[in-house]
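Position in the sequence shown counted from 1, then plus 89, gives you our numbering.
All residues carry an ideal CB built from backbone N, CA and C; glycine is no exception.
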Amino acid sequence: MIAFARARWLALLLPAALMAGALGSQYIGGLFPCEMCHWQRWPHYAAIVLALAAFAGGRASRPLVVLAALCILASGAIGAFHAGVEYHWWQGLTRCSTAPGSGGGDILADIMATPLIQCDRAQWTLFGVSLAGWNALFSLAGGTAILALCLKRPR
90 MIAFARARWL ALLLPAALMA GALGSQYIGG LFPCEMCHWQ RWPHYAAIVL ALAAFAGGRA
150 SRPLVVLAAL CILASGAIGA FHAGVEYHWW QGLTRCSTAP GSGGGDILAD IMATPLIQCD
210 RAQWTLFGVS LAGWNALFSL AGGTAILALC LKRPR
């Protein structure tokens with residue numbers, strides 16, 4: 090039962106800490122999110138709600154923590170994809186990661202429709218890893234740890 094309690098706390102604290110960092114970097118640090126940054130946030134919001142619901146107790150606690158872990162893993166997967174776009178390993182899926190004029194139509198209209206925050210440019214890095222990359226690392230490791238703790242048999 091101790092392992093599950095740890096999993097439940099980790100399922101709440103990990104996405105809460107990552108969201109505190111993301112929102113802090115936005116509102117205090119002045120780093121504005123691109124479209125793919127927002128995509129990474131939604132699964133964390135869902136994980137926080139699911140983890141809070143798991144603290145309400147009952148028989149649904151374990152499935153709620155597992156769902157929270159899956160949401161955290163989803164955010165990590167989006168973060169890994171976004172980091173790959175930033176490092177130019179592959180092309181992104183949105184207008185914020187394509188060059189103006191690549192649509193083949195009116196160049197001025199393409200420029201005006203291009204978002205100010207580009208998804209394929211990291212605004213900040215630490216040890217060469219972007220915020221999307223750090224989210225991927227923490228989310229994938231944390232989500233895996235939560236699932237492992239949920240599967241651990243009580244002694």
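Q: For F227, I'd like the list of residues in its chain whose CB is within less than 8 Å of its CB, leaving aside the five on either flank, ordered along the chain.
A: One-based indexing of the sequence shown puts residue 227 at position 138. Cβ within range, chain order: L103, L107 and G165.
Q. Run through DSSP, which three-state label would L182 get?
A. Position 93 of the sequence shown, counted from the first residue, corresponds to residue 182. Reduced to three states, the DSSP call for L182 is coil.
Q: Could you say which of Y116, A92 and I137 lies nearest to I161 if we only look at CA atoms?
A: Start at 1 with the first residue of the sequence shown, and residue 161 comes out as number 72. Here the closest residue by C-alpha is I137.
Q: From the DSSP output, in three-state form, read off A120 for me.
A: The residue labelled residue 120 in the question sits at position 31 within the sequence shown. Sequence check: residue 120 is Leu here, not Ala. Three-state DSSP puts L120 in coil, outside helix and strand.
Q: Name the one or two DSSP bridge partners that L215 has.
A: Along the sequence shown, one-based indexing puts residue 215 at 126. Per DSSP, the beta-bridge partners of L215 are V218.
Q: Identify every run of the alpha helix (DSSP H) within the region 106 to 165, keeping only runs that are complete inside it and at least 4 residues long; order them along the chain.
A: Within the region 106 to 165, the complete alpha helix (DSSP H) runs of at least 4 residues are 124 to 143.
Q. Assuming M125 and H177 make a contact with CB atoms under 8 Å, what is their CB distance in whole Å?
A. In the sequence shown, counting from the first residue as 1, residue 125 sits at position 36. In the sequence shown, counting from the first residue as 1, residue 177 sits at position 88. Actually they are not in contact, since the Cβ atoms of M125 and H177 sit about 14 Å apart, beyond 8 Å.
Q | Beta-carbon separation (whole angstroms), R95 vs A143, contact threshold 8 Å | A | Position 6 of the sequence shown, counting from 1, holds the residue named residue 95. Position 54 of the sequence shown, counting from 1, holds the residue named residue 143. The Cβ separation is near 12 Å, so there is no contact.
Q | Own chain residues within Cβ distance below 7 Å of G231, not counting five before or after | A | Taking the sequence shown and counting its residues from 1, one reaches residue 231 at position 142. So the qualifying residues of the chain are L99, L103 and I161.
Q: Please determine, among K241, A221, R242 and E175, the residue with the shortest C-alpha to C-alpha distance to S114.
A: Position 25 of the sequence shown, counted from the first residue, corresponds to residue 114. Ranked by Cα distance from S114, the first of K241, A221, R242 and E175 is A221.
Q | Nearest-angstrom Cα separation, counted from F216 out to A140 | A | Sequence index remark: in the sequence shown, residue 140 carries index 51 (1-based). Sequence index remark: in the sequence shown, residue 216 carries index 127 (1-based). A140 and F216 have their alpha carbons spaced roughly 31 Å apart.
Q) Under three-state DSSP, which class holds R242? A) On the sequence shown, residue 242 is found 153 positions in, with the first residue counted as 1. The three-state secondary structure of R242, taken from DSSP, is coil.
Q) What number of angstroms, rounded off, separates the C-alpha of V154 from the C-alpha of L236? A) Position 65 of the sequence shown, counting from 1, holds the residue named residue 154. Position 147 of the sequence shown, counting from 1, holds the residue named residue 236. A straight line joining the alpha-carbon of V154 with that of L236 spans about 8 Å.
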